[in-house]
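**Q** Residue numbers (UniProt numbering): 1 to 301.
From the three backbone atoms N, C-alpha and C, an ideal C-beta is built for every residue, glycine too.
Only a predicted model underlies this, so the values are computations on that prediction, with no experimental measurement involved.
This is the structure I have questions about; it appears just below.
Given below as structure tokens:
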């Protein structure tokens, strides 16, 4: 991990073990056609956009070493790109119990980085998904009231930045745009951690709708660029923070595993008795890594 001025020491010191960083991303199956949606509604799956599940990938630093990130994936009904906390809540409880067993203490700050949410979905995510995640964390242990930071990262936007002094070229790694071109109704900035190898760089857009620790721009940006430099697979940092990039890879792996299971052994996909709907609780017991060795090992690249 690179060495910066200690601007994150007070509120975002990952080495202290007091911060749980959690990256989350999703992988959607192909959308159903209008006729397929009609058939799904007739089979008791009203509102589903696909019979196949939405895969959630997550990655966090809940091992004994607070700088190590591992993760897993799980499945939920595919209605929209919003987490169903009825399913993800069980994983949250498992993460907290694993972290407590490894470090003998609970963290004071939960730092969640979420990919896969567009700008238009931010209010819905804050009022629905994020508020339920906070409730789930705080319901685990009476008297434990951690503070939360929610960061939404989006690389699928159409904004492009370049230097116009001299020949047009990309900004250098570590460049930040947090004035003039950002929203005024939401804490937002653009941060480029990577070195673009070809073409105009896509600088990730970061939106912070919840910041209970009141971290300033310098603290948030230094912490995020530090997470980008923890990928470890290659010598250059990627564009996205390591936890959310690992979560993206895990969501993709979970989706591929389900597709292969459906192709080669569909009889092992559990269904609710007498219905076409998948038994997601059973599927999440059968396919993801759960309590196995892989759930506590970094294995993706």
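Closest to residue 244 by CA distance: which of 154, 290, 212 and 186 is it?
**A** Ranking the options by Cα distance to residue 244, first place goes to 154.
**Q** Could you tell me which residues DSSP puts in a beta bridge with residue 73?
**A** Residue 73 is bridged to 57.
**Q** Any heavy atom of the ligand FAD inside 8 angstroms of the beta-carbon of residue 163?
**A** Because no ligand of any kind appears in the structure shown, any question about the ligand FAD cannot be addressed here.
**Q** How many Å lie between residue 114 and residue 293 at the Cα?
**A** Computed Cα separation, rounded: 25 angstroms.
**Q** Bridge partners for residue 95 per DSSP, in chain order?
**A** According to DSSP, which records beta bridges pairwise, residue 95 is partnered with nothing at all.
**Q** May I ask you to report which of helix, strand or coil DSSP gives residue 43?
**A** Correct three-state label for residue 43: coil.
**Q** Check for me: the beta strand (DSSP E) holding residue 22 runs from which residue to which?
**A** Taken as a continuous stretch (DSSP letters only), the beta strand (DSSP E) holding residue 22 covers 19-27.
**Q** With DSSP run on the structure shown, which of helix, strand or coil describes residue 117?
**A** DSSP places residue 117 in coil when its eight states are reduced to three.
**Q** Secondary structure at residue 268, three-state DSSP: helix, strand or coil?
**A** In this structure, residue 268 counts as helix in the three-state DSSP scheme.
**Q** Could you give the distance in angstroms between the alpha-carbon of residue 228 and the alpha-carbon of residue 218?
**A** About 15 angstroms.
**Q** Alpha carbon to alpha carbon, what distance is there between residue 232 and residue 165?
**A** So the two alpha carbons sit approximately 33 angstroms from each other.
**Q** Kindly indicate which three-state DSSP category residue 295 falls into: helix, strand or coil?
**A** Reduced to three states, the DSSP call for residue 295 is helix.
**Q** Could you name the residues of the same chain whose beta carbon sits closer than 6 angstroms to that of residue 58, not counting the 5 residues immediately before and after it, in chain order?
**A** Only 24, 71 and 247 meet the Cβ criterion.
**Q** Quick check on residue 156: buried or exposed, where buried means 16 or more other Cβ atoms within 10 Å of its Cβ?
**A** Flag for residue 156 reads exposed.
**Q** Once the 5 residues before and after residue 256 are set aside, which same chain residues still bring their CB inside 6 angstroms of it?
**A** No residues qualify anywhere along the chain.
**Q** DSSP three-state call for residue 169: helix, strand or coil?
**A** Here residue 169 sits in strand by DSSP.
**Q** So what does DSSP say about residue 48, is it helix, strand or coil?
**A** The answer is coil: DSSP assigns residue 48 none of H, G, I, E or B.
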